[in-house]
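Trainee: In order, the protein sequence lines correspond to chains A and B.
Using the numbering used here, you'd call the opening residue of the first sequence number 3 and step up by one each time.
Using the numbering used here, you'd call the opening residue of the second sequence number 59 and step up by one each time.
No residue lacks a Cβ here, since even glycine has one placed at the ideal position from N, Cα and C.
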Amino acid sequence: MTVVPDTPAPPFRLPRPIRLIGGTALSLAITILGLLLVTFIIGRVVPIDPVLAIIGERATTEQYEATRIALGLDEPMWKQFAIYVGDAVQGDLGQSLRTRREVSEDIIRYFPATLELATIATLFGVLVGVPAGVLAATRPGTWVDQIVRIVGLMGYSMPVFWLGLLALLIFYGILGWVGGPGRLDAGFSMMFELDVPQRTGMILIDTALAGEWAMFRNALSHIVLPSAVLGYTSMAYISRMTRSFMMNELGQEYITTARVKGMPEWRVVWVHALKNVMVPLITVIALSYAYLLEGSVLTETIFAWPGLGSYITDALFAADMPAVLGGTVVVGVVFVTLNMASDLLYRLVDPRAR
Amino acid sequence: MTLLSVKNLRVTFDTEAGKVEAVRGVSFSLGRERLGIVGESGSGKTMTGRSVLRLIRPPGRIEAEEMRFDGIDLMAASERQMRALRGQRIAMVMQDPKYSLNPVMKIGAQLTEGLRLRDGMSAKAARLKAIEALEAVQIRGPERVMEAYPHELSGGMGQRVMIAMMLIPNPDLLIADEPTSALDVTVQAEVLSILDGLVRDRGMGLIFISHDLRLVGRFCDRVLVMYKGRVVEELEAKNLMNATHPYTQGLLNCLPRIGGNRSPLPGLDRAAEWAE
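See the structure below:
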C-alpha cells in the first residue's frame with residue numbers, strides 16, 4: 003500500500019509592505035512596553051512615598067489609607083503595572099505634583115518648544131555639516147579640510163553653556179542682531195497666548211498659519227541663536243562623519259567607473275558617492291536629532307527656553323516623580339520612533355536592505 | 059597605424075614610508091589590435107592601464123616621456139579634455155562588477171547617464187539605446203535588467219552590463235582589466251567570447267590585462283610580460299611557447315595541465331636582476 007503524502011498548503015503571507023510596517027509596529031510596541039516596565043519599576047523603587055507626596059505629612063492614618071487605595075497601591079504589583087500601561091496607552095501619565103496639571107497636558111505645552119528648536123538645529127547641522135564634510139573629503143589635507151576640522155573640533159570640545167553665553171553676549175548683548183532669551187519678546191508672548199490659535203504649539207508654524215508675520219519674525223530672531231548653538235554641535239558631528247564616509251566611498255571601484263564614463267567631478271561626488279554616503283549617514287542624523295529632541299537642558303536653561311529638558315529637570319528638583327517618569331516615557335517613545343523611522347528610511351535609500 | 063603610444067611611463071606613489079614605484083619605465087605602442095599585459099599581482103599592469111586614462115588617485119603620480127592617443131598628448135591634456143576622451147574614446151572594464159557598479163543606482167540609470175548628460179539625449183532615446191547595448195551583450199529581458207539594482211544580478215550578468223555600459227559610446231580603445239577573474243569558470247568563457255566578438259566587430263584597440271598567460275595567448279595578438287613595474291619581454295602571442303625570458307617561462311610552467319603529471323608544480327623564480 004502506498005501512502006500519498008499530503009502536499010502542504012503554501013503558507014499564507016501578507017504583502018511585503020504590510021509585513022514590513024507590521025513588523026516595525028510590533029517591535030515598536032514591545033520596546034515601549036519594556037520602557038514602561040523600567041519607568042514603572044523606578045517609580046516603585048525610589049524612596050519617595052507617592053501617597054505622602056500628595057496628601058502631605060500631617061494627614062491622618064485614615065486619609066493616608068484612603069488615598070493609598072484611591073491610587074490603587076493596595077493592588078498586587080502586576081495589576082498596578084497593567085493599570086499603568088493601560089493609562090499610559092490612553093495618554094494618561096498621571097498628575098504632576100508640582101504644576102497640579104496632567105503630565106500629558108504639561109508635555110503638550112513643553113514638547114513643541116523642544117521639537118521646534120531641535121528640528122531647526124538639525125536642519126542647520128545637516129545643511130552645513132554634510133556639504134562641509136563632502137568638501138573636506140574631496141580636498142584632504144588642504145586648507146578647506148583644515149578649517150572644517152578645526153571648526154568641527156571646536157564644536158565638539160566647547161561646552162555648550164559657554165558657547166551659548168558667549169553667543170548671547172555677542173549677538174544679543176553687543177551687536178543686538180537677534181532676540182534674547184525666551185521664545186518671543188514679552189509683548190508678543192502675551193499676544194501669542196491670547197490671539198494666535200495654537201495648532202501645533204510651534205510658534206513659527208502657528209504664527210505663519212495665522213499670518214502673524216511680525217510675530218513670526220520675532221520668533222525667528224529668538225530661535226536663531228539657540229538653534230545655531232545646538233546645531234553647531236550636531237554640525238560638528240555630522241561633518242566629521244560625512245567626511246569619513248565620503249573618503250571611504252571615494253576609494254571604491256564604482257567611483258572609478260563613473261570617472262571612466264567621463265562623468266564630471268561634481269556628479270561623481272554629489273551623485274554617485276553621496277547616494278552611498280546617505281546610507282550610513284541617515285542613522286547618524288537620526289541619532290543626533292533624537293539626542294536634541296530629548297531636550298538640551300543647558301541650552302534651554304541659558305536661553306530660557308521652556309522645553310522638555312528644563313521641564314524634566316525642574317520636576318526632578320521638585321521630586322515630582324510622575325512628571326519625571328512621564329517625561330522619560332515621552333523621550334523614550336520619541337527615541338524609539340526616530341530609530342524605527344531611520345530604519346525604514348534606510349531601506350528606502352539602500353536597495354540591498356529591502 | 060598607431061592608436062596609442064607610451065614611452066617610458068612611470069607611476070610613483072609618495073607614501074609616508076617613502077617612494078613606491080609601481081610602474082618603472084614602461085613603453086609600448088598599440089594599433090587597432092589586441093595587446094595583452096600579463097604579470098603577477100603588484101607587477102604594475104593595472105596601474106599601466108589606469109595611467110592611460112589618467113585615473114591614478116593621489117598620492118600617485120604619472121610621468122612619461124610620451125603618452126599619445128590618436129595624436130593627442132595625454133600628458134599635456136587638460137582635465138576637461140581627458141573627461142571627453144574618457145567618456146567617448148577610451149573605456150575600461152574592471153575586475154569585479156560587485157564593486158564596479160554603483161550599488162544604490164538602478165542599472166538603467168547607470169547605463170543612460172552618459173548619454174543623457176553628455177550627449178543630451180532624451181530619456182526615451184537613451185533608454186532605447188541602453189536596451190540595445192544590453193541585447194548586444196546577450197542579456198535576455200533587458201527591460202527587466204534596466205530596473206534592477208547591481209546586487210540583484212549574477213557576476214556574469216553584472217560583467218556583461220559593465221561591458222555594455224563601456225561600449226555604448228563606441229570607444230576606439232578598450233582597457234579590460236582582469237575582466238573575467240572574478241567570475242565562475244563556466245561564465246568566464248561566455249563573457250570572453252562576447253567581449254571578443256564586440257571588439258572584433260567594431261575594430262577597436264584592446265588592452266587586455268590578466269595574470270593568466272595562456273588565456274592572454276589565446277585572446278591577444280601581442281603580449282607584454284611585466285615584472286615589478288617593468289616589461290621583461292614582449293612577444294607575438296603565437297610565439298608564446300618559444301618565450302626566452304625565464305620569468306615568462308616560469309609563468310607558463312606554473313599552471314597545471316589536464317592529463318599532465320601530478321608532481322608538484324614548479325614555483326615561480328623571482329630573480330632580482332630581472333627587475334633592473
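#1: Could you check the C-alpha separation between P183 (chain A) and D72 (chain B) for me, to the nearest Å?
#2: Could you check which residue in A:A221, A:G328, A:A230, A:G25 has the C-alpha nearest to that of L129 (chain A)?
#3: Could you tell me which chain A residues have their CB closer than 7 angstroms to the CB of L111 (chain B), listed as they occur along the chain?
#4: If we cut at 9 angstroms on Cβ distances, does L88 (chain B) have a partner in chain A?
#5: Near S158 (chain B), which residues of its chain fall below 7 angstroms by C-beta distance, leaving aside the five closest residues on each side in sequence?
#6: Cα separation between P114 (chain A) and A142 (chain B)?
#7: Given this structure, state the Cα-to-Cα distance separating Q65 (chain A) from M192 (chain A), to the nearest angstrom.
#8: Can you tell me whether T358 (chain B) is helix, strand or coil according to DSSP?
#9: Going by beta carbon distance, what residues of the same chain come within less than 6 angstroms of V290 (chain B), once the five residues before and after it are set aside?
#10: Please go through the segment 11 to 82 of chain A and give each complete alpha helix (DSSP H) segment of 4 or more residues, from N-terminal end onward.
#11: Does at least one heavy atom of the ligand ATP sit under 8 angstroms from the Cβ of V151 (chain B)?
#12: Check whether the segment 200 to 216 of chain B and the segment 129 to 146 of chain B touch, using three or more Cβ-Cβ pairs below 8 angstroms as the test.
#13: Starting from G172 (chain B), find everything on chain A with Cβ-Cβ shorter than 8 angstroms and list it in chain order.
#14: Whose Cβ in chain A lies nearer than 8 angstroms to the Cβ of L159 (chain B)?
#15: Taking the CB atoms as reference points, tell me whether G309 (chain A) and L119 (chain A) lie closer together than 9 angstroms.
#16: Which of the three DSSP states, helix, strand or coil, is assigned to T101 (chain A)?
#17: To the nearest angstrom, how far is the alpha carbon of L165 (chain A) from that of A240 (chain B)?
#18: Please state the DSSP three-state secondary structure of F86 (chain B).
#19: Quick check on the DSSP output: what are the complete alpha helix (DSSP H) runs of length 4 or more inside the segment 172 to 238 of chain B, in order along the chain?
#20: Rounded to the nearest angstrom, what separates A260 (chain A) and I240 (chain A) at their Cα positions?
#21: For A216 (chain A) versus P199 (chain A), is the C-beta spacing smaller than 9 angstroms?
#22: I'd like the ranges of any beta strand (DSSP E) spanning at least 3 consecutive residues and lying wholly in the segment 265 to 329 of chain A.
#23: Would you kindly report the start and end of the unbroken alpha helix (DSSP H) that includes K65 (chain B)?
#24: Mapping the DSSP letters down to three states, classify K156 (chain B) as helix, strand or coil.
#25: Using a C-beta cutoff of 9 angstroms, does A44 (chain B) count as contacting chain A?
Mentor: On the basis of the coordinates in this document:
#1: Each residue's Cα considered, the two are about 54 angstroms apart.
#2: Looking at the Cα atoms, A:A230 is the closest of the given residues.
#3: Identification of chain A residues near L111 (chain B) by a Cβ-Cβ cut-off of 7 angstroms yields V262, ordered along the chain.
#4: For L88 (chain B), the answer is no, since every Cβ of chain A falls outside 9 angstroms of its Cβ.
#5: So the list reads M152, M220, once near-sequence residues are dropped.
#6: Approximately 53 angstroms, taken between the alpha carbons.
#7: Per the coordinates, the alpha-carbon of Q65 (chain A) lies some 41 angstroms from the alpha-carbon of M192 (chain A).
#8: Absent from the model: residue 358 (chain B). The displayed extent of chain B is 59 to 334, so no value can be given.
#9: In the same chain as V290 (chain B), and ignoring 5 residues on each side of it, the C-beta atoms closer than 6 angstroms to its own belong to V283, H303, Y305, W332, in chain order.
#10: You should have 18 to 47, 52 to 57, 63 to 72.
#11: Ligands in the displayed structure: none, and consequently the ligand ATP is not present.
#12: With a cut-off of 8 angstroms, the segment 129 to 146 of chain B and the segment 200 to 216 of chain B do not count as touching, because too few Cβ pairs lie within range.
#13: The contacting residues are K263, G264, M265.
#14: Below the 8 angstroms Cβ cutoff, chain A contributes Y256, T259 as neighbours of L159 (chain B), in chain order.
#15: It is a contact, given that the beta carbons lie within the stated cut-off.
#16: Reduced to three states, the DSSP call for T101 (chain A) is coil.
#17: Those two C-alpha atoms are separated by around 54 angstroms.
#18: In this structure, F86 (chain B) counts as strand in the three-state DSSP scheme.
#19: Here the runs fully enclosed are 181 to 194, 200 to 204, 213 to 225.
#20: C-alpha of A260 (chain A) to C-alpha of I240 (chain A): approximately 26 angstroms in a straight line.
#21: No.
#22: If we require 3 residues or more, the segment 265 to 329 of chain A turns out to have no beta strand (DSSP E) run fully inside it.
#23: Following the DSSP letters along the chain, one finds K65 (chain B) in no alpha helix (DSSP H) but inside the beta strand (DSSP E) bounded by residues 62 to 73.
#24: Helix at K156 (chain B).
#25: Outside the modelled stretch of chain B, which goes from 59 to 334, sits residue 44 (chain B), for which no answer is possible.
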